[in-house]
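Notes follow once the structure below has been shown.
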Amino acid sequence: MKKAKKFLVGMLAFASVSVLALGLTGCEMNSVMCNHIYNQEIVSEKYLKSVATCQNKAVYYKSCNSCGKAGLETFEYGDLLKHTPVKGVCSMCEKEVGSTGLSYQPEVTGKYYIVSIGYCEDLDIYIPEFRYNVPVAVIAREGFANSDIISITIPDSVTTIGDGAFSSCRSLTSVTIPDSVTTIGEDVFEWCDSLTSVTIPDSVTTIGEDAFSCCSSLTSVTIPNSVTTIGDGAFSGCSNLTSVTIPDSVMTIGDGAFSGCSNLTSVTIPDSVTTIGDSAFSGCSNLTSVTIPDSVTTIGDGAFSGCSNLTSVTIPDSVTTIGDSAFSGCSNLTSVTIPDSVTTIGDGAFRGCDSLESVTIPDSVTTIGSSAFYSCDSLTSATIGNSVTTIGDYAFAYCDNLKRITIPNSVTTIGDCAFYECYRLTEVYNKSSLAITAGNRGYGYVGYYATHVVTEENERGTFTTNKNGYIIYTNGNDKVLVGYTSEETELTLPSDITWIKPYVFYNCDSLTSVTIPDSVTTIGDEAFYGCPIQTATIPAIACKS
Numbered sequence: 075m076k077k078a079k080k081f082l083v084g085m086l087a088f089a090s091v092s093v094l095a096l097g098l099t100g101c102e103m104n105s106v107m108c109n110h111i112y113n114q115e116i117v118s119e120k121y122l123k124s125v126a127t128c129q130n131k132a133v134y135y136k137s138c139n140s141c142g143k144a145g146l147e148t149f150e151y152g153d154l155l156k157h158t159p160v161k162g163v164c165s166m167c168e169k170e171v172g173s174t175g176l177s178y179q180p181e182v183t184g185k186y187y188i189v190s191i192g193y194c195e196d197l198d199i200y201i202p203e204f205r206y207n208v209p210v211a212v213i214a215r216e217g218f219a220n221s222d223i224i225s226i227t228i229p230d231s232v233t234t235i236g237d238g239a240f241s242s243c244r245s246l247t248s249v250t251i252p253d254s255v256t257t258i259g260e261d262v263f264e265w266c267d268s269l270t271s272v273t274i275p276d277s278v279t280t281i282g283e284d285a286f287s288c289c290s291s292l293t294s295v296t297i298p299n300s301v302t303t304i305g306d307g308a309f310s311g312c313s314n315l316t317s318v319t320i321p322d323s324v325m326t327i328g329d330g331a332f333s334g335c336s337n338l339t340s341v342t343i344p345d346s347v348t349t350i351g352d353s354a355f356s357g358c359s360n361l362t363s364v365t366i367p368d369s370v371t372t373i374g375d376g377a378f379s380g381c382s383n384l385t386s387v388t389i390p391d392s393v394t395t396i397g398d399s400a401f402s403g404c405s406n407l408t409s410v411t412i413p414d415s416v417t418t419i420g421d422g423a424f425r426g427c428d429s430l431e432s433v434t435i436p437d438s439v440t441t442i443g444s445s446a447f448y449s450c451d452s453l454t455s456a457t458i459g460n461s462v463t464t465i466g467d468y469a470f471a472y473c474d475n476l477k478r479i480t481i482p483n484s485v486t487t488i489g490d491c492a493f494y495e496c497y498r499l500t501e502v503y504n505k506s507s508l509a510i511t512a513g514n515r516g517y518g519y520v521g522y523y524a525t526h527v528v529t530e531e532n533e534r535g536t537f538t539t540n541k542n543g544y545i546i547y548t549n550g551n552d553k554v555l556v557g558y559t560s561e562e563t564e565l566t567l568p569s570d571i572t573w574i575k576p577y578v579f580y581n582c583d584s585l586t587s588v589t590i591p592d593s594v595t596t597i598g599d600e601a602f603y604g605c606p607i608q609t610a611t612i613p614a615i616a617c618k619s
């Protein structure tokens, strides 16, 4: 019995020495002594065998449910990683990939695919370069329209972006257009009002109609030297676009191309452009100056209408036509040079140019359109060239500071109300065959407010302004008060005047007192209409008349 006890103690001592010699912990001791069952699946780096890829899920070793030791059996867990595409090939697995759920329609001959959004729910879209080794060459007409996508990468295989392809993608902030694309079609990015910038590659030759219209967040755009045509309305309504450089390759700026770009402050039009389309820059209310190159022959209807901060414009000798309403509403335009090449000034061409002070219409012009200078409030003088045959209806109506006009001998027609309400128009020099007379409503009111109409027979008459600011027309013994520049409240008129023209003091709301000399024999109609006169000295003979 004693021998058995000694043997047992010896064995335990041997075991203890062995454990110490091996450096085993208690836990490891348990593992050594454990009857392992490897059925526990724990997702931990401790048991990780291989990480997830775009082809395989992450792999972990199963562990013992008693001691936690990793076994040899494995299990998968988690999701596959997304592909990392580079030109349509995943950089990890080298497979052709794209956003899941895109729709691919084979072209009739099977040479390429036409892609659209299909049932894809991705917000960041990647279009693959190939589908089953066949190139993806066309983005379908309205293929991604009205979707919630945020960004899109277009591969080099795409040559055509169909009309309206991304129309009304109102969350789209960025887009990469590859060098393979030659045409940006109509309405492609219309109403993409989160798009802030776009670079158009050198391969593109045409920017289609309304291609970027109403992209209200677009602040900058680079147009390459390959583009020859900027289509109608291409950038219309891009209200945050501040500047644009049009390359030398462009020959045509389409109708309304930049209309409503209210923050556009500067634009450079190259020498290659021959036509500035209708309303091309209309409503560009912050545009302060523009240089029109010598290549331009036509300034379209409404081309710069509503450019209310445009202060000056030089029209080159190449231009033959200034279209209807071309500069209407340019309320800060103070000067304009019309060259000898222009033959037609369109209807309403400078209507409402409130700051325009003078204008010279060259001998080349044959027609001044209806309302051409309507309501140009600051216009004091206008020189009409010797080739003008027609002055249109209301051409100078409501130019209430216009004081002098010469009607050349070429004029055969003065339209209805051509000079209506030009109540300061006192100096009319008539060289035409039209029977224009003072106070006559005929021939567009040109002589209605005049005291004398100067013709070849009476052109010896002169207009002078005396030291007190009175404008007097003298012809023989007649001295007619036709205007004044004073703002006095009490007036004593010159002692040698013989009559006072109609409307001369019309609505002078500061005039409270007037003394009219005995030399006056006639006071014209409504000469003092609207004046708050409290006292007046009037000669008896004038009262009788």
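Following the numbering used here, the numbering of the sequence shown begins with 75 at its first residue and continues without gaps.
Glycine residues also receive a C-beta, built at the ideal position from the N, C-alpha and C atoms.
Source: prediction; values computed, not measured.
Residues of its chain near residue i, where Cβ-Cβ distance is below 8 Å and the 5 sequence neighbours each way are ignored
i: I366; result: I343, I350, I373, V387, T388, I389, P390, V393
i: T302; result: T279, T280, S323, V324, M325, T326
i: I396; result: I373, I389, I412, V416, T418, I419, G420, A423
i: S245; result: L197, D222, I223, I224, S268
i: I442; result: I419, I435, I458, V462, T464, I465, G466, A469
i: T563; result: S584, L585, T586, S587
i: T362; result: T339, S340, N383, L384, T385
i: S445; result: D421, G422, R425, G466, D467, Y468, A469, A471
i: L155; result: A126, T127, C128, M166
Cβ-Cβ distance between residue i and residue j below 8 Å
i: N475; j: S506; result: no
i: N314; j: T293; result: yes
i: T233; j: T250; result: no
i: Y200; j: S177; result: no
i: S402; j: S379; result: yes
i: T572; j: V554; result: yes
i: L508; j: I479; result: no
i: G238; j: E216; result: yes
i: A622; j: A492; result: Past the boundaries of the shown model lies residue 622; the chain is included only from 75 to 619, so the question cannot be answered.
i: V594; j: K575; result: no
i: G305; j: E283; result: yes
i: A126; j: G152; result: yes
i: N460; j: D437; result: yes
i: G357; j: G328; result: no
i: T158; j: K123; result: no
i: K143; j: H110; result: yes
i: V133; j: E150; result: yes
i: A524; j: T539; result: no
i: C138; j: Y121; result: no
Cross-strand partners of residue i (DSSP beta bridge)
i: Y151; result: A132
i: N549; result: D552
i: F47; result: Because the chain here runs from 75 to 619, residue 47 falls outside it and cannot be looked at.
i: Y178; result: V189
i: R478; result: S455, E501
i: Y226; result: Position check: residue 226 holds Ile in this sequence, whereas Tyr was assumed. Answer by DSSP bridge pairing, in chain order: I199, V249.
Close beta carbons around residue i, own chain, < 7 Å, minus the five adjacent residues each side
i: G97; result: Low local confidence applies: a pLDDT of 46 at G97 is under 50, so the model's placement there is unreliable, and no value is given.
i: F263; result: F240, L269, A285, F286, C289
i: P298; result: I274, P275, D276, V278, P321
i: D592; result: P613
i: E431; result: T408, S452, L453, T454
i: N360; result: S336, N337, L338, T339, N383
i: Y580; result: Y497, E600, Y603, G604
i: T511; result: G521, V527
i: P252; result: I228, P229, D230, V232, P275
Coil, strand or helix - residue i by DSSP
i: Y503; result: strand
i: Y519; result: helix
i: E561; result: coil
i: A377; result: coil
i: Y121; result: helix
i: C101; result: Residue confidence is low: C101 scores 48 on pLDDT, short of 50, so the model does not pin down where it sits. No coordinate-derived value is stated.
i: A512; result: coil
i: I597; result: strand
i: A624; result: As displayed, the chain neither begins before 75 nor continues past 619, which places residue 624 out of reach and without an answer.
i: A89; result: Only weak support exists for where A89 lies, its pLDDT of 45 falling under 50; the value from the coordinates is given anyway. DSSP places A89 in helix when its eight states are reduced to three.
Residue i CB to nearest heavy atom of the ligand PLP below 7 Å
i: D322; result: The ligand PLP is absent from the structure shown, which contains no ligands of any kind.
Cβ shell of residue i (< 6 Å), same chain only, five flanking positions each side left out
i: D345; result: P367, S369
i: C404; result: C381, L384, C427
i: S140; result: C108
Is there contact between the segment 182 to 190 and the segment 201 to 219, where contact requires at least three CB pairs shorter than 8 Å?
Taking a cut-off of 8 Å on C-beta distances, the segment 182 to 190 touches the segment 201 to 219, as three or more cross pairs fall below it.
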